[in-house]
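Chemist: One structure coming up, written as structure tokens, with questions to follow.
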Amino acid sequence: MITRIKIKSDQWLFLPVLIRLPWGGCFLAWDDVMGTRIRQCENFDQGEQSFLLQFLKPGMTVIDVGAHQGLYTLLASKKVGSEGHVIAFEPSPRELRRLRWNLFINRCRNVCVVPFAVGNSEGTAEFFVCLGKETGCNSLRPPVVPDPVKKIQVPVTTLDRYIEKFNVKHVDFIKIDAEGAELDVFKGGIKLLSNYSPLVLCEFADKRTEPWGYRSVDIYNFLTAHNYWLFSFTPEGKLRPCPRKEYFNENLLAVSEKKLTLIASFMETEANA
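Heads up: the sequence shown at position 32 corresponds to 868 in our numbering, and the numbers run straight through without jumps.
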């Protein structure tokens, strides 16, 4: 079902398209890259979403770092239910507005929106907001995009500090898409990883980490040093062990050695390959 509605923005009237998502709920698709892909029913992140639809259960706590306009936040909210909780971090004011609209139209009452960037220390930082269609490239480093970029100041926190401050009792799953800040996010969440051993869906993209002066393999090495195993996704949501590589451009699932039994049924076999 496609419906057009008017929502007043800062400077003009946008006409986002209200899309019914395959797994239920609705999404306001704006005139940006993500919105275009959703309007065209492009099944991106198919394996990742298929896995989450099967793995997430009522009562779980999920953290979404880099929630953007809320696609993964909405999925998690639906799956963890009224007994669960979703914490969504998003520093871009524009994406925050769109995220909150999506939460409102879906009546998501189990989501806490945090208007902060996440890193390895607390404070404030420059944040670069893409003014064109590449809204998913907003970053704490200047993104390589064809359109203009606006520089703003945003507050920054760490996962460990947030968990401590708000006394979060358990974390089952984390999604991280921080446009190159992934390694800093992990470094600021070492206690969380150690104490709760959550599964982590993380972007590994060298084109994003390059402006930060490191490579995606450094994230891989950091996680394996903390007893995490890495897996890639099949389109059906099954998992394959992912070896260390010199170049990455994909989303991977990181699973603590303590939690490997939780994914045993998701492992790809010859029968389902």
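Ideal Cβ placement from N, Cα and C applies to all residues, glycine included. Every value quoted in this text rests on a predicted model; they were computed, and no experiment measured them.
1) Assign Trp866 to one of two classes, buried (16 or more other C-beta atoms within 10 Å of its C-beta) or exposed (fewer than that).
2) With distance defined between alpha-carbon atoms, name the residue in Gln905, Asp1042, Pro1079 and Val1053 nearest to Ala924.
3) Going straight from the alpha carbon of Tyr1064 to that of Lys1011, what length do you get?
4) Under 6 Å Cβ to Cβ from Asp1008, same chain only, skipping five residues before and after it: list those, please.
5) Among residues of its own chain, excluding the 5 on either side of Gly1016, which ones have a beta-carbon nearer than 7 Å to its beta-carbon?
6) I need the straight-line Cα distance from Val990 to Asp1013, nearest angstrom please.
7) Please state whether DSSP places Cys862 in a helix, a strand or coil.
8) Rounded to whole angstroms, what's the CA-CA distance from Pro852 to Gly968? Just pull it up for me.
9) When you compare only the Cα positions, how much space is there between Lys1081 and Cys862?
10) How about Phe887 and Phe1102: are their beta carbons less than 9 Å apart?
11) Here's the rule: buried if 16 or more other CB atoms are within 10 angstroms of the residue's CB, otherwise exposed. What is Ala1090?
12) Let me confirm a value: Asp1020 is counted as buried when at least 16 other C-beta atoms fall within 10 Å, else exposed. Which label applies?
13) Which residues does DSSP pair with Glu805 in a beta bridge?
14) Is the Cβ of Tyr1064 closer than 9 Å to any Cβ of chain B?
15) Three-state secondary structure (DSSP) at Leu976?
16) Between which two residues does the beta strand (DSSP E) containing Asp900 stretch?
17) Taking Ser1068 as part of the beta strand (DSSP E), name the residues at either end of that continuous run.
18) Output the distance between the C-alpha atoms of Arg997 and Asn1031, rounded to the nearest integer angstrom.
19) Suppose you measure from the CA of Ile988 to the CA of Ala961; what does that come to, to the nearest Å?
20) Classify Ser1092 as buried or exposed, calling it buried when 16 or more other Cβ atoms lie within 10 Å of its own Cβ.
21) Pull up the distance between the alpha-carbon of Ile838 and that of Phe964, whole angstroms please.
Modeler: The relevant details are as follows:
1) For this step, residue 866 is matched to residue 30 along the sequence shown. Looking at its Cβ environment, which holds 16 or more other Cβ atoms inside 10 Å, Trp866 is buried.
2) Position 88 of the sequence shown, counting from 1, holds the residue named residue 924. Nearest C-alpha to Ala924: Gln905.
3) For the purposes of this step, residue 1064 is taken as residue 228 along the sequence shown, with counting starting at 1. For the purposes of this step, residue 1011 is taken as residue 175 along the sequence shown, with counting starting at 1. CA-CA distance, Tyr1064 to Lys1011, rounds to 15 Å.
4) Sequence index remark: in the sequence shown, residue 1008 carries index 172 (1-based). For Asp1008, where only same-chain residues beyond five positions count, the Cβ hits under 6 Å are Met896, Thr897 and Pro1034.
5) Locating residue 1016 in the sequence shown gives position 180, counting from the first residue. Correct list, in chain order: Ser975, Arg977, Arg1044, Thr1045, Pro1047 and Trp1048.
6) Here the question's residue 990 lines up with position 154 in the sequence shown. Here the question's residue 1013 lines up with position 177 in the sequence shown. Their backbone Cα atoms lie some 17 Å apart in a straight line.
7) For the purposes of this step, residue 862 is identified with residue 26 of the sequence shown, where counting begins at 1. Three-state DSSP puts Cys862 in a strand.
8) Within the sequence shown, the letter at position 16 stands for residue 852. Within the sequence shown, the letter at position 132 stands for residue 968. When rounded, the distance between both Cα atoms is 15 Å.
9) Here residue 1081 refers to the residue found at position 245 when the sequence shown is read from its first residue. Here residue 862 refers to the residue found at position 26 when the sequence shown is read from its first residue. Spanning the two alpha carbons is a distance of roughly 37 Å.
10) Here the question's residue 887 lines up with position 51 in the sequence shown. Here the question's residue 1102 lines up with position 266 in the sequence shown. Cβ atoms of Phe887 and Phe1102: closer than 9 Å.
11) On the sequence shown, residue 1090 is found 254 positions in, with the first residue counted as 1. Ala1090 comes out buried.
12) Against the sequence shown, residue 1020 aligns to sequence position 184. Its Cβ being crowded by 16 or more others within 10 Å, Asp1020 is buried.
13) Outside the displayed range of the chain (837 to 1109) lies residue 805, so it cannot be described from this structure.
14) Here there is only one protein chain, and chain B is not present.
15) In the sequence shown, counting from the first residue as 1, residue 976 sits at position 140. Under the three-state reduction of DSSP, Leu976 is assigned to coil, being neither helix nor strand.
16) Position 64 of the sequence shown, counted from the start, is the residue given in the question as residue 900. Unbroken beta strand (DSSP E) run through Asp900: Thr897 to Val901.
17) On the sequence shown, position 232 is the one that residue 1068 refers to. Bounds of the beta strand (DSSP E) holding Ser1068 are Tyr1064 to Phe1069.
18) By one-based count along the sequence shown, residue 997 stands at place 161. By one-based count along the sequence shown, residue 1031 stands at place 195. Going from the Cα of Arg997 to the Cα of Asn1031 covers about 14 Å.
19) The count along the sequence shown starts at 1 and reaches residue 988 at position 152. The count along the sequence shown starts at 1 and reaches residue 961 at position 125. Those two C-alpha atoms are separated by around 8 Å.
20) Numbered from 1 along the sequence shown, position 256 holds the residue referred to as residue 1092. Answer is buried; the Cβ neighbour count reaches 16.
21) Locating residue 838 in the sequence shown gives position 2, where the first residue counts as 1. Locating residue 964 in the sequence shown gives position 128, where the first residue counts as 1. Since pLDDT at Ile838 reaches only 41, below the 50 mark, its modelled position is unreliable, and no value is offered.
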